[in-house]
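Q: Right, I'll just put the structure down here and ask away after.
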Amino acid sequence: MIRKTSKASIVLSILAAVPLLAFAGGHVMETGTSAVKTLHEIRDEADPDDVQACYALGRLDITFRTEKNGPPAVGLVMTDPRGRRIGFDPLKKHGWQELPKAQGFIDCETPDAQNACLGIIQVCGPISGTYKLEVIARQTTEYSLDISGRSQEVRERQALEATSSRVQVNSVAIRQGSRDMVLLSYSRDPSSKIALQSSPAAPLASNQ
C-alpha cells in the first residue's frame with residue numbers, strides 16, 4: 028500500500044509552488060530485462076480501483092535526489108504507456124497527475140546521508156509497457172535515482188506470489204535548463220524484471 032505522506036512532505040498537488048519533481052539516466056545498474064507486451068495486451072490490462080492494487084496488480088516506486096542539501100534541483104515527469112503523466116516540470120512550472128492510483132511528493136523528513144531531500148513517485152497497478160522518464164534540471168547538479176518494481180500476484184499452490192526487481196542510476200551530471208530522457212520497461216508478468224534504456228533522442232549518460 029502506498030504510504031501516507033508526512034507533514035513535512037510536499038504533495039504533488041502543491042508542487043506547482045515548489046518546482047522540483049524529476050529524473051534521468053546514466054551509469055545504470057540493471058537487475059534484468061522485461062518481457063515485451065503487444066499493444067493489444069497493454070490496452071487490455073485493467074487500471075487499479077484502489078490501493079490494494081499495489082499487491083494484486085503490481086507497483087512502481089521511483090526515488091530521486093541531487094547532490095546537495097535540501098530539495099532536489101531537478102524535476103521528473105513520468106509518462107506511462109497510455110500517455111498519462113505524473114510529475115512536475117520546473118522550467119514550465121507545470122505539474123501533472125493523470126494516473127488513477129499514483130502520488131508524487133518531496134520527503135524532507137527522512138533525508139539521505141548527505142542531508143538531501145528525496146523526490147518520490149509511487150504508482151499502484153502500473154500497466155505493462157515502456158515508461159518515459161524525463162529529467163528536467165532547474166540548476167546544474169548531479170542526480171541519482173533508484174527504481175523498484177513489483178509484479179502482479181499469481182497463485183502458486185496455496186499462496187499468492189510476486190517478484191521484485193530494482194535498477195539504479197548514480198551521480199549523473201546535468202546542466203541547468205537541460206532535459207534527459209530514459210525509457211523504463213515494466214511488465215506485470217512475474218517472470219519479468221524492470222530495465223532501463225536510453226531514448227534514441229537522448230542516449231543514456233548524456234544530456235540534451
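For the sequence shown, my numbering assigns the number 28 to the initial residue and increments by one for each residue that follows. Note that beta-carbon positions come from the ideal geometry of N, C-alpha and C, so glycine has one too. Every value quoted in this text rests on a predicted model; they were computed, and no experiment measured them.
Within the same chain, show all residues whose beta-carbon is closer than 8 Å to that of Lys31, passing over the 5 residues directly before and after it, in chain order.
A: Taking the first residue of the sequence shown as position 1, residue 31 is located at position 4. With a pLDDT of 39 at Lys31, under the threshold of 50, the predicted position of this residue should be treated as unreliable, and no value is reported.
Q: What does DSSP give as the partner residue(s) for Glu188 in the beta ladder?
A: Position 161 of the sequence shown holds residue 188. Glu188 pairs with Val181.
Q: Can you tell which of Thr168, Ser219, Arg206, Asn197 has the C-alpha that lies nearest to the C-alpha of Gly176?
A: Here residue 176 refers to the residue found at position 149 of the sequence shown. It is Ser219.
Q: Alpha carbon to alpha carbon, how far is Leu84 from Arg193? Give it in angstroms, no decimals.
A: Counting from one through the sequence shown, the residue named residue 193 turns up at place 166. Counting from one through the sequence shown, the residue named residue 84 turns up at place 57. For Arg193 and Leu84, the distance between alpha carbons rounds to 17 Å.
Q: Taking 7 Å as the threshold (C-beta atoms), are Ile163 and Gly16 in contact?
A: Given a span of 28 to 235 for the chain in the structure shown, any question on residue 16 remains unanswerable.
Q: Could you give the C-beta distance for Cys20 and Pro75, rounded to a whole number, given that I count them as a contact under 8 Å?
A: This structure gives no information on residue 20, because the portion of the chain shown stretches from 28 to 235.
Q: Sorted by chain position, which residues of the same chain lie with C-beta nearer than 6 Å to Ala200's C-beta, five sequence neighbours on each side aside?
A: Numbered from its first residue, the sequence shown carries residue 200 at position 173. Excluding sequence neighbours, Ala200 sits near Glu169.
Q: Taking a contact to mean a Cβ-Cβ separation below 7 Å, would you say Asp134 touches Ile147 in this structure?
A: By 1-based counting over the sequence shown, the position of residue 134 is 107. By 1-based counting over the sequence shown, the position of residue 147 is 120. Result yes, Cβ atoms of Asp134 and Ile147 sit closer than 7 Å.
Q: Using 7 Å as the threshold, is the C-beta distance between Ala189 and Ser178 below it?
A: Reading the sequence shown from its first residue, position 162 is the one you call residue 189. Reading the sequence shown from its first residue, position 151 is the one you call residue 178. Yes, the pair counts as a contact, with Cβ atoms nearer than the cut-off.
Q: May I have the straight-line CA-CA distance separating Asn142 from Leu223, to the nearest angstrom?
A: One-based indexing of the sequence shown puts residue 142 at position 115. One-based indexing of the sequence shown puts residue 223 at position 196. Roughly 27 Å between the two C-alpha positions.
Q: On the criterion of 16 or more Cβ atoms from any shown chain inside 10 Å, does Thr167 qualify as buried, or is it exposed?
A: In the sequence shown, counting from the first residue as 1, residue 167 sits at position 140. The residue is exposed, with fewer than 16 neighbouring Cβ atoms inside 10 Å.
Q: Just list the residues that DSSP pairs Ala143 with in beta bridges.
A: Counting from 1 along the sequence shown, the entry for residue 143 is found at position 116. Paired residues: Gly97.
Q: Could you tell me if the beta carbon of Ala143 falls within a distance shorter than 6 Å of some heavy atom in the ligand ATP?
A: Absence of the ligand ATP from the depicted structure is noted, as is the absence of any ligand whatsoever, leaving it without description.
Q: I'd like to confirm the pairing. Which residues does DSSP put opposite Arg92 in its beta bridges?
A: As a first step, residue 92 must be located in the sequence shown, where it is residue number 65. Arg92 is bridged to Ser171.
Q: Quick check: Arg92 and Ser205, are their CB atoms within less than 7 Å of each other?
A: For the purposes of this step, residue 92 is taken as residue 65 along the sequence shown, with counting starting at 1. For the purposes of this step, residue 205 is taken as residue 178 along the sequence shown, with counting starting at 1. Result no, Cβ atoms of Arg92 and Ser205 do not sit closer than 7 Å.
Q: What is the DSSP secondary structure of Cys151, reduced to helix, strand or coil?
A: Within the sequence shown, the letter at position 124 stands for residue 151. If DSSP states are grouped into helix, strand and coil, Cys151 belongs with the strands.
Q: Rounded C-beta distance between Tyr213 and Ser155? I'm assuming under 8 Å.
A: Within the sequence shown, numbered from 1, the residue matching residue 213 stands at position 186. Within the sequence shown, numbered from 1, the residue matching residue 155 stands at position 128. So it is a contact: roughly 6 Å between Cβ atoms.
Q: Tell me, to the nearest whole angstrom, how far the beta carbon of Lys159 is from that of Leu210; I am working on the premise that it is less than 8 Å.
A: Here the question's residue 159 lines up with position 132 in the sequence shown. Here the question's residue 210 lines up with position 183 in the sequence shown. Yes, Lys159 and Leu210 are in contact; Cβ-Cβ is about 6 Å, under 8 Å.
Q: Considering only DSSP beta bridges, list what Leu118 is partnered with.
A: What you label residue 118 is simply residue 91 of the sequence shown in a count that begins at 1. DSSP lists no partner for Leu118.
Q: Does the Cβ of Arg184 have 16 or more other Cβ atoms within 10 Å, making it buried, or fewer, making it exposed?
A: The residue labelled residue 184 in the question sits at position 157 within the sequence shown. The residue in question, Arg184, is exposed, as its Cβ has fewer than 16 Cβ neighbours within 10 Å.
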